[in-house]
Amino acid sequence: MKQYVISVKVENRFGVLARVAGLFSARGYNIDSLAVSATEQEDVSVMTIVVRGDDRVIEQVKKQLNKLIDVIKVSDHTCVPTVERELVLVKVTAPPVKRPEIYQLGEIFRADIADISNKTITLGVKGDPDHINNFIELLKPYGIKELMRTGRVSLLKE
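Position 151 of the sequence shown, counted from 1, bears residue number 147 in the numbering used here, the numbering being contiguous throughout.
This is how it looks when you write it as structure tokens:
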């Protein structure tokens, strides 16, 4: 199944998120990532939804989204030039002998050290999804104790 990135501008009202998410669940699609945020307009929010599916069903979902009263605009960011970012926090097992390696890896990915204890280091990295995925893969051999990733945000390039 193909991964789609859908941006939905909505009126900032109670219940809109539930109605939008309901369209995906009603069709049996799990949302891989969901980020909701304020925009430059106080009464407008934007949702960036990442979902896997096929072309036909995603087209239907987009049409149904456009019919919702609180939806202002639906944009498919899947095959167009965009700027995308995510944030990940990763808590890694870090015995003293391994810390220099972990610090060096963090520097390569421009990670922030969010927390440090006697046994672990928590690193934060922001970037495009591939950058985040690569960072996680390189940390796996050290022993990831906990990981939390934000939803993807996406803006069209001019």
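Don't be surprised by glycine CBs; every beta carbon is placed ideally from N, CA and C.
With distances taken from CA atoms, which of Q100, R145, C75 and K69 is nearest V40?
The residue with the shortest Cα to Cα distance from V40 is K69.
Determine, using beta-carbon pairs with one atom in the stretch 75 to 90 and one in the stretch 8 to 18, whether at least three such pairs fall under 8 Å.
With the cut-off at 8 Å, the stretch 75 to 90 and the stretch 8 to 18 do not touch.
Measure the Cβ-Cβ separation of V160 and T35 and say whether it is below 7 Å.
The displayed coordinates of the chain run from -3 to 154. Any statement about residue 160 would go beyond what the structure contains.
Considering just the uninterrupted stretch of the beta strand (DSSP E) at D28, what are its terminal residues?
Where D28 is concerned, the enclosing beta strand (DSSP E) stretches over I27 to A34.
If I128 and E82 are in contact, beta carbons under 8 Å, what's the gap, nearest whole angstrom?
Confirmed, about 5 Å.
In the DSSP assignment, the alpha helix (DSSP H) including Q60 goes from what residue to what residue?
Unbroken alpha helix (DSSP H) run through Q60: D51 to K63.
Flag this pair as touching only if the stretch 137 to 148 and the stretch 102 to 114 have three or more C-beta atom pairs under 8 Å; answer yes or no.
No: the two stretches stay apart, fewer than three of their Cβ pairs being nearer than 8 Å.
Take I117 and list the residues in its own chain whose beta-carbon comes closer than 6 Å to its own, dropping the five residues that flank it on each side.
For I117, where only same-chain residues beyond five positions count, the Cβ hits under 6 Å are V88, A90 and I98.
Using the beta-carbon count (16 or more within 10 Å), is I112 buried or exposed?
Classification for I112: exposed.
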